[in-house]
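In the working numbering, the protein residues as written are -12 to 55.
Glycine is no exception: its CB is placed at the ideal position from the N, C-alpha and C atoms.
Okay, structure first, notes after.
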């Protein structure tokens, strides 16, 4: 996740699925945060983003306006 943000990604999708259902929604092996609760996951996401010198935007997101 951090590498993706460093390489230009601008969206980070935290896992908000309730803990008791997370194992049922694993899209790939070794998915992180499967055994964590929502608060733990939120704190982890914040720490990961801040650790690479990025900040979390709180404003509205807008798509790129294309001309022509």
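Residue j beta carbon less than 8 Å from that of residue i
i	j	result
residue 6	residue 24	yes
residue 51	residue -8	no
residue 15	residue 4	no
Where residue i sits in the DSSP three-state scheme
i	result
residue 14	coil
residue 36	helix
residue 28	helix
residue 9	helix
residue -9	helix
Reference residue i; option with closest CA among the options
i	options	result
residue 48	-10, -1, 14, -6	-1
residue -12	53, 41, 45, 46	41
residue 34	-5, 1, 54	1
residue -4	53, 54, 43	43
residue -10	36, 20, 17, 31	36
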